[in-house]
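Asks: First the structure, which I've put down as structure tokens, then a few questions once you've had a look.
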Amino acid sequence: MVGLVGLDISAAFDTVSHRTLLNRLEHEFGITAAPLSWIESYLSGRTVSVSIGKSTSTAVSVSSGVPQGSVLGPILFTTYIAPVGRLINSHGICYHKYADDTQLYTAFTAPCASSNLDCLARCTTELQYWYWSNDLLLNPDKSEVTFFGTSQRLKRSGLPTHVSVAGTNVAVCDTLKSLGVKLDSTLSFNHHVTDVVRSCNYHIRALRHLRSSLTRDTANTVACSIVGSRLDYCNSLFYGATEKTLNQLQRVQNNLARVVCSVGRRDVRSEKLLRELHWLPIRRRVDFKIATLCYKAHRLGQPLYLSDSIHAYVPARSLRSLDSDRLIVPSMKTVNSDRRFSVAGPRIWNSLPMTVKDAETLDTFKSRLKTYFFTVAVD
């Protein structure tokens, strides 16, 4: 099983010390001279005011914080808290960070749960002191804790109902939201899919009211940007999901296609509409996303944590498979482990023809991959 703590930092971007940030950029990342002066100029001279109706307060200079909603904001904040990685590693805890979103996690078996959770508690306590010394505030009351595992193992393990996070007992919850994805304790993603379907249906109803006033091309653009983007967001996580879960998403896409094409439920088959709009069905969109991630990891080496999880297949003897650019597919014993990127990525990659895998650029690969998936669907 795995225990995960999602940390919450209060007003994270607003409390970054400019002096500490510049010092960290210089000594941790080697940014000096003109580039450092550019960043200093970018941070300094900012003002803030509050507007309510027609009234606006006097502008006040800002001596801390990085601009939210900017390109540099998340990057600068990530460099600011970069040293916490060494602190977390010193406790033997795994972690993932994206800007101010930090998750700590540790794997354990039921008899060893207490020792691992004690280590996690000590780690969060030291993190709290580090944040204090760097003008940041860890908010344990808004932090979340959950356990992941099979439903049978979770029931038999007698896991605690509360976990200590920075000295505060935090109740264990069944779901945890991370970067807009709702993770449930068995990683079925049923709760997340339910939220996605509800959100998509709301926008489909709104689009249906406006459809008569839009051209088909405009309706297609609106559908892809507002609804399609929700269906595609983090959809690689749906690999290995149940048929029921995937069918829920497929029905949403089918309804969206009917609205864009202005046809009734029984006028035309959904498959024909998807081909007409050049939309890949949900299952193929999941494969498309994983294959694209695999191309980036295998050919471009990015991101590093995914690139390190896949390995090229090298046959013991000189065989024809030597030139097929295959990846090793690890053997797994459980359903959840079989859904890992290190398994799903190579499995989908190995199923692709060389004409697709030989693409020299990412854009060419995505174009050939989509064409190949449509060809397979037609056949």
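Residues 6 to 384 in our numbering are what the sequence shown spells out, letter by letter. Every residue, glycine too, gets a C-beta built ideally from N, C-alpha and C.
1) Sort S241, T114, V198, T366 by Cα distance to L159 and report the nearest one.
2) Assuming G8 and L125 form a contact by the criterion Cβ under 8 Å, report the distance between their Cβ atoms to the nearest whole angstrom.
3) Below 8 Å on the Cβ atoms is my contact criterion, and I expect A317 with I353 to pass it. Report the Cβ-Cβ distance as a whole number of Å.
4) Counting only the same chain and skipping the five closest in sequence on each side, list residues whose C-beta sits under 7 Å from that of F18.
5) Please state if the CB of V175 and the CB of S148 are separated by a distance shorter than 8 Å.
6) Under 8 Å between the Cβ atoms of V76 and R51?
7) Are the beta-carbon atoms of V198 and T151 separated by less than 8 Å?
8) Determine which residues share a DSSP beta bridge with A112 and list them.
9) Consult DSSP for T63 and reduce its assignment to one of helix, strand or coil.
10) Are the CB atoms of I315 and V264 nearer to each other than 8 Å?
11) Helix, strand or coil for R85? Go by DSSP, reduced to three states.
12) Have a look at L285 and D272 and give me their C-alpha separation to the nearest angstrom.
13) Applying the 10 Å Cβ sphere with the 16-neighbour rule, what's the burial state of K338?
14) Since S350 and L298 are thought to touch, with beta carbons under 8 Å apart, how far apart are those beta carbons, to the nearest angstrom?
15) Could you give the uninterrupted runs of the alpha helix (DSSP H) lying entirely in the segment 142-227, keeping only those of 4 residues or more?
16) Starting from R51, trace the alpha helix (DSSP H) both ways and give me its first and last residue.
17) Which full runs of the alpha helix (DSSP H) of 4+ residues lie inside the segment 260-301, going along the chain?
18) Helix, strand or coil for A126 per DSSP?
19) Among the residues of its own chain, which have a CB less than 7 Å from the CB of N259, if the five just before and after it don't count?
20) Please state the DSSP three-state secondary structure of H32.
21) Less than 8 Å separating the beta-carbons of D140 and S22?
Replies: Answer, in terms of the structure:
1) For this step, residue 159 is matched to residue 154 along the sequence shown. Out of S241, T114, V198, T366, T114 has the C-alpha closest to the C-alpha of L159.
2) Taking the first residue of the sequence shown as 1, we reach residue 8 at position 3. Taking the first residue of the sequence shown as 1, we reach residue 125 at position 120. With a Cβ gap of about 7 Å, G8 and L125 count as contacting.
3) Taking the sequence shown and counting its residues from 1, the one referred to as residue 317 is at position 312. Taking the sequence shown and counting its residues from 1, the one referred to as residue 353 is at position 348. Incorrect: roughly 15 Å between the Cβ atoms, too far for contact.
4) Taking the sequence shown and counting its residues from 1, one reaches residue 18 at position 13. Answer for F18: G70, V71, Q73, G78, F82, D105, listed in chain order.
5) Locating residue 148 in the sequence shown gives position 143, where the first residue counts as 1. Locating residue 175 in the sequence shown gives position 170, where the first residue counts as 1. Result yes, Cβ atoms of S148 and V175 sit closer than 8 Å.
6) Counted from its first residue, the sequence shown places residue 76 at position 71. Counted from its first residue, the sequence shown places residue 51 at position 46. Cβ distance not < 8 Å, so V76 and R51 don't count as in contact.
7) As a working mapping, residue 198 is identified with position 193 in the sequence shown. As a working mapping, residue 151 is identified with position 146 in the sequence shown. The answer is no: Cβ separation not under 8 Å.
8) Taking the first residue of the sequence shown as 1, we reach residue 112 at position 107. DSSP output for A112 lists V7 as bridge partner(s).
9) Taking the first residue of the sequence shown as position 1, residue 63 is located at position 58. DSSP places T63 in coil when its eight states are reduced to three.
10) On the sequence shown, position 310 is the one that residue 315 refers to. On the sequence shown, position 259 is the one that residue 264 refers to. Cβ distance not < 8 Å, so I315 and V264 don't count as in contact.
11) Your numbering for residue 85 matches position 80 in the sequence shown. It should be noted that the sequence gives Tyr, not Arg, for residue 85. Note: Y85 maps to helix in three-state DSSP.
12) Stepping through the sequence shown from its first residue, residue 285 is reached at position 280. Stepping through the sequence shown from its first residue, residue 272 is reached at position 267. Distance between the alpha carbons of L285 and D272: 20 Å.
13) On the sequence shown, residue 338 is found 333 positions in, with the first residue counted as 1. By the neighbour-count rule (16 or more Cβ atoms within 10 Å), K338 is not buried but exposed.
14) To locate residue 350, count along the sequence shown from 1; it is residue 345. To locate residue 298, count along the sequence shown from 1; it is residue 293. Note on identity: in this sequence residue 350 is Gly, with Ser being the wrong assignment. Contact holds; Cβ gap of about 7 Å.
15) 156-161, 195-215, 221-227
16) In the sequence shown, residue 51 corresponds to position 46, counting from 1. Looking at the DSSP string, R51 is not in any alpha helix (DSSP H); the run it does join, the beta strand (DSSP E), is 51-53.
17) 275-282, 287-300
18) By one-based count along the sequence shown, residue 126 stands at place 121. Note: A126 maps to helix in three-state DSSP.
19) Translated into the one-based positions of the sequence shown, residue 259 becomes position 254. Closer than 7 Å at the Cβ level, and outside the excluded window around N259, lie S275.
20) As a working note, residue 32 is residue 27 in the sequence shown. Three-state DSSP puts H32 in a helix.
21) Here residue 140 is taken as the residue at index 135 of the sequence shown, counted from 1. Here residue 22 is taken as the residue at index 17 of the sequence shown, counted from 1. Going by C-beta atoms, D140 is nearer than 8 Å to S22.
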